[in-house]
Amino acid sequence: MSHLHYRTCPLCEATCGLSIEVEGENVKNILGDKDNPFSRGYVCPKGRALGALHADPDRLRTPLVKRDGRFVPVSYSEAFAHVDQGLRRVLEEHGRSSIGAYLGNPTVHNPSLYLYTPSFLRAMKSSHIYSASSVDQLPKQYVSALMFGTTSSIALPDIDRTDYLLMLGANPFESNGSLWTVPDLPRRVRDLQTRGGRLVVIDPRRTRTAKHADEHHFIRPGSDALFLFALTRTIFENEGTRLERYEGLLSGLERVRELAEPFTPEVVSGHCGIAAEDIRRLARELSAAERGVVYGRMGTCTQAFGSLSSWLVDVLNILTGNLDREGGAMFALPAGGSSNTRERRPNERGYRTGRKTSRVRGLPQIMGEFPASCLAEEMETPGAGQLRLLFTIAGNPAVSVPGSDRISRALAGLDFMVSIDMFVNQTTRHADVIFPAISPLEDSHFDYIFQNFMTRNFVQYSPAIFEKPTTQLYEWQVLLGLTQVLGGRGPDIDFEGEDERVYQAWLQAHPIDVETPEARTLRGPDRIIAHVSAAGPYGLDFETLRAKPHGIDLGALKPRLPAMLKTASGQIEMAPPALLNDVPRLRSALEGAPSEFVLIGRRHMKSNNSWMNSGRLADGADRTALFMNAADADRLGLEDGGLVRLSSAVGSIGEARVAISDEIMPGVVSLPHGWSSDTMTGPGVQDRTPGPNVNVLSDPDLYDVPSGNAAFSGVPVQVLVADGVS
Ligand SMILES: Nc1nc2c(c(=O)[nH]1)N[C@H]1C(S)=C(S)[C@@H](COP(=O)(O)OP(=O)(O)OC[C@H]3O[C@@H](n4cnc5c(=O)[nH]c(N)nc54)[C@H](O)[C@@H]3O)O[C@H]1N2
Ligand SMILES: Nc1nc2c(c(=O)[nH]1)N[C@H]1C(S)=C(S)[C@@H](COP(=O)(O)OP(=O)(O)OC[C@H]3O[C@@H](n4cnc5c(=O)[nH]c(N)nc54)[C@H](O)[C@@H]3O)O[C@H]1N2
Ligand code: SF4
Ligand SMILES: [Mo]
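Going by my numbering, the letters in the sequence shown line up with residues 127 to 852, in that order.
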């Protein structure tokens with residue numbers, strides 16, 4: 127007898143509803159949940175592979191401790207005791223400032239992790255905190271915080287009601303969207319086009335998204351801020367602004383007009399590779415659209431001008447009257463609440479960055495973190511504060527962070543390392559202790575983070591489908607254990623007492639008068655979920671959540687200004703000094719000569735960052751080729767399938783296979799990230815296909831200056847063919 131279970135897919139930001147057919151201990155089949163009002167039956171191959179992930183014999187199921195260079199299975203108490211000893215040793219010799227943590231992408235998808243890492247990080251009492259944010263969306267969060275007051279105040283396309291979507295540096299037909307939770311995007315795009323609306327894509331590659339668009343333009347990597355400034359300037363010039371909606375709410379508007387002045391379409395055109403008349407026409411169309419929106423993602427963040435580009439996206443949405451308006455760029459109202467759903471305090475201070483800068487290179491601390499590109503040098507550079515003990519949680523910096531060769535070397539040189547992961551990966555192989563993650567199907571799920579970015583307000587709580595094995599701990603329990611050890615309370619873990627501390631911290635962050643009834647019966651993430659949901663803007667109690675297995679539609683997005691503004695002025699800060707200070711750097715970019723080749727990345731539906739490039743998703747297709755335009759290949763005398771060597775300022779890849787394609791802009795080459803030529807084997811190593819690691823070429827010295835975010839889009843590279851160097 128099989129049973130159907132409904133739950134949210136935890137793998138990407140689309141948060142699709144799944145219908146999971148289970149027989150006994152086995153997943154028989156996974157389909158999209160047609161009764162989920164948000165995702166409406168949409169599913170991708172990764173979500174369908176969750177059953178295989180659950181059953182994967184390679185998945186770690188016991189803690190491992192390294193003895194004589196080999197991992198051996200141990201009990202949790204041995205593992206905690208080992209961490210306690212390692213930590214004491216490092217603390218005695220080097221003090222608190224020598225310990226740190228890197229948090230990977232799944233941290234924001236897994237309630238056990240995002241609810242329990244804040245206490246863990248506080249217990250660390252060290253500022254060595256790094257995460258995937260600074261190889262991803264940090265510029266957008268930083269800019270949103272400067273303009274609107276909080277890092278979760280991100281305006282996203284109200285695609286279901288718009289007439290015009292101008293998209294830069296995003297490929298949601300493969301990625302399923304980011305900082306924009308929009309399951310079933312292809313259908314939403316079709317609906318937009320059926321209504322007579324238009325999708326315009328700006329990308330150095332004609333991606334799958336671009337192929338479905340009404341118009342696509344190649345753009346030189348890293349030149350979006352120039353292009354967006356030219357649109358801004360043209361809209362001012364044409365008197366195409368529509369600002370009535372923001373009466374009394376805009377600070378710094380005139381400053382934006384002045385700054386945009388030099389960036390005429392004619393001046394920027396040669397740098398962007400987009401004709402001046404096209405820029406003028408796009409500006410006209412955008413301001414004329416009844417309801418329009420500009421959206422930028424990865425490609426506009428992970429580049430040298432990530433902050434300026436992210437800022438200008440919102441500037442344009444404001445100038446055209448589309449911010450906070452139906453069919454424009456809107457703010458979600460998350461069921462679990464967030465810092466912008468609380469009442470404005472009389473003495474609101476606005477967003478402050480940390481005053482600290484990184485020890486070695488002086489890069490900024492934002493959102494309590496230093497840029498991940500600093501990780502290697504912080505581990506390798508001697509002196510007070512040198513990183514000697516690292517925790518990695520659901521991450522793989524040895525593959526995902528620029529300068530990854532150096533990161534691998536530095537990880538190998540640490541005094542002590544502790545990881546929590548599903549697998550032994552290129553990073554966790556260096557750990558002294560690895561704690562296993564459990565299968566996502568053995569734990570409950572709730573998207574507290576992604577509710578902030580939903581294209582329609584929605585909430586779903588999913589209980590665990592399978593009992594967790596009695597021999598394993600939940601990840602929140604592992605984090606409680608590590609938190610206790612870090613707090614100096616020894617390795618004999620008091621799970622009840624530690625959980626109570628974490629719960630109290632969440633109560634303080636989300637105060638409400640009434641105690642939720644679940645507070646007495648539930649423990650772990652469920653108790654916190656019950657609390658934040660009851661304290662949230664819809665006041666949803668746990669019983670209501672549980673009674674709706676397909677989730678609850680909370681309606682189309684509604685305007686939220688001015689109540690959601692948490693800036694000190696109570697206004698939208700159009701011209702934050704931290705961004706204005708970066709405009710001269712952009713102007714000098716106009717003078718620079720372009721290199722012959724720049725490298726960009728790409729994503730494919732059938733892989734997920736560094737950990738699902740595995741046998742189960744790879745259908746034999748090689749997805750790791752270097753895309754190159756035919757004109758470039760001709761010049762180099764290369765044929766399709768030819769082999770090249772690639773090098774950058776920091777590293778080289780000995781062999782990459784060329785795929786000649788008119789999809790890619792001349793002068794640009796593309797390799798996907800997440801692959802590695804490291805062919806390690808052994809227990810706990812996920813079955814995977816080897817491929818070149820693009821981050822060997824990405825340069826940690828290339829970054830967006832205001833935020834410190836990595837700029838691996840647009841890395842200058844040399845392409846070397848067998849008979850010489852081009
Ligand atoms: N050149 C280049 N580099 C990039 C990118 C790019 O486009 N180009 N993209 C960047 C982006 S956007 C991101 S987000 C990062 C991602 O970089 P990271 O977050 O560092 O790495 P991931 O590849 O997501 O690895 C996630 C790890 O978590 C483990 N894992 C999965 N689920 C769980 C869980 O529930 N619990 C635990 N404990 N572990 C789990 C997996 O086994 C895997 O080892 O890479 C970045 N790097
Ligand atoms: N299948 C799959 N889905 C995923 C992931 C995955 O690895 N696989 N990863 C998930 C994660 S962690 C994230 S953050 C999201 C990211 O989701 P998206 O933001 O959609 O990211 P990408 O698919 O990398 O698309 C970025 C686009 O930017 C373009 N680009 C590069 N440089 C520039 C530039 O300078 N300017 C412009 N305008 N464009 C540029 C690239 O050609 C590419 O098409 O995807 C998530 N979903
Ligand atoms: S699109 Fe994302 S959330 Fe939806 S099934 Fe695929 S991986 Fe899961
Ligand atoms: Mo990401």
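Don't be surprised by glycine CBs; every beta carbon is placed ideally from N, CA and C. Bear in mind the structure is a predicted one, so any value in this text is a computation, not a measurement.
Three-state class that DSSP yields for A207 in the structure shown: Three-state result, A207: helix.
Beta-ladder partner(s) of Y228, from DSSP: Paired residues: Y256, T518.
Cβ pair count under 8 Å reaching 3, the stretch 266 to 278 against the stretch 683 to 695: Contact annotation: the stretch 266 to 278 touches the stretch 683 to 695, with at least three C-beta pairs closer than 8 Å.
Presumed contact (8 Å Cβ cut-off) between A759 and I786, rounded CB distance: So it is a contact: roughly 5 Å between Cβ atoms.
Extent of the continuous alpha helix (DSSP H) to which I654 belongs: I654 -> alpha helix (DSSP H) spans 651 to 661.
heavy atom of ligand 2 below 7 Å from T233 C-beta: Flag unset: Cβ of T233 not near ligand 2.
Length of the line joining the Cα atoms of S245 and C170: Straight-line Cα distance between these residues: approximately 34 Å.
D573 Cβ short of 7 Å to ligand 4 heavy atom set: In this structure, D573 has its beta carbon at no less than 7 Å from each heavy atom of ligand 4.
Bridge partner(s) assigned by DSSP for L772: According to DSSP, L772 bridges with I779, V845.
Inter-stretch contact (C-beta, 8 Å, three-pair minimum) for the stretch 459 to 468 and the stretch 557 to 577: Contact holds: three or more Cβ-Cβ distances are below 8 Å.
Closest by C-alpha distance to R166, when choosing among A178, P330, L144: Nearest C-alpha to R166: L144.
8 Å contact criterion, which S260 and A351 should meet: CB distance rounded: Contact annotation, S260 with A351: C-beta distance approximately 19 Å; criterion of less than 8 Å not satisfied.
For M424, the three-state DSSP class (helix, strand or coil): The answer is helix: DSSP assigns M424 an H, G or I state.
Span of the beta strand (DSSP E), counted from its first residue to its last, around I156: Unbroken beta strand (DSSP E) run through I156: 152 to 158.
DSSP state of D760 mapped onto helix, strand, coil: The three-state reading of DSSP puts D760 in helix, counting H, G and I together.
Check: F280 C-beta below 7 Å from any heavy atom of ligand 2: The sequence shown places Ile at residue 280, not Phe. Incorrect: I280 has no Cβ contact closer than 7 Å to ligand 2.
Close Cβ partners of E503 (< 6 Å) along its chain, the five nearest in sequence each way excluded: Spatial neighbours of E503 in its own chain (CB-CB distance under 6 Å, excluding positions within 5 residues in sequence) are listed in chain order as V486.
Cα-Cα separation between R324 and G447, rounded to whole angstroms: When rounded, the distance between both Cα atoms is 18 Å.
Strand pairing of Y132, partner residues [DSSP]: S145, per the DSSP bridge assignment.
Rounded Cβ spacing between L186 and G665 (contact assumed at less than 8 Å): The C-beta distance from L186 to G665 rounds to 39 Å, too long to meet the 8 Å contact threshold.
Entirely enclosed alpha helix (DSSP H) segments - the stretch 338 to 404, minimum 4 residues: Complete alpha helix (DSSP H) runs here, min 4: 350 to 363, 379 to 386, 391 to 398.
Alpha-carbon spacing of L190 relative to G808, whole angstroms: When rounded, the distance between both Cα atoms is 13 Å.
Identified DSSP bridge partners for H571: S588, per the DSSP bridge assignment.
Strand pairing of T483, partner residues [DSSP]: When beta bridges are read from the DSSP output, T483 appears opposite P490.
Rounded C-alpha distance that separates L513 from E506: Rounded to whole angstroms, L513 to E506 spans 8 Å at the Cα level.
Local Cβ density within 10 Å of E717, reported as buried at 16 or more and exposed below that: With fewer than 16 Cβ atoms within 10 Å of its Cβ, E717 is classed as exposed.
Where L305 sits in the DSSP three-state scheme: Here L305 sits in coil by DSSP.
Span separating the alpha-carbon of R196 from that of H208: When rounded, the distance between both Cα atoms is 15 Å.
Q267 beta carbon less than 8 Å from that of A837: Not a contact, by the Cβ cut-off of 8 Å.
V169 CB to nearest heavy atom of ligand 3 below 7 Å: Distances taken from the Cβ of V169 to the heavy atoms of ligand 3 include one shorter than 7 Å.
Near ligand 4: D262 beta-carbon under 7 Å from a heavy atom: True, at least one ligand heavy atom lies under 7 Å from that Cβ.
Inter-residue CB distance, I678 and L229 (contact presumed, cutoff 8 Å): The pair is not a contact, with the Cβ atoms about 29 Å apart (cut-off 8 Å).
Host alpha helix (DSSP H) of V269 (start-end): Run containing V269: 264 to 274, per the alpha helix (DSSP H) assignment.
Nearest-angstrom beta carbon gap, I328 and L305 [assumed within contact, 8 Å]: The pair is not a contact, with the Cβ atoms about 17 Å apart (cut-off 8 Å).
Burial state of E139 (16 or more Cβ within 10 Å): With 16 or more Cβ atoms within 10 Å of its Cβ, E139 is classed as buried.
Contact set for R555: own chain, Cβ-Cβ below 7 Å, skip 5 residues either direction: Closer than 7 Å at the Cβ level, and outside the excluded window around R555, lie M806.
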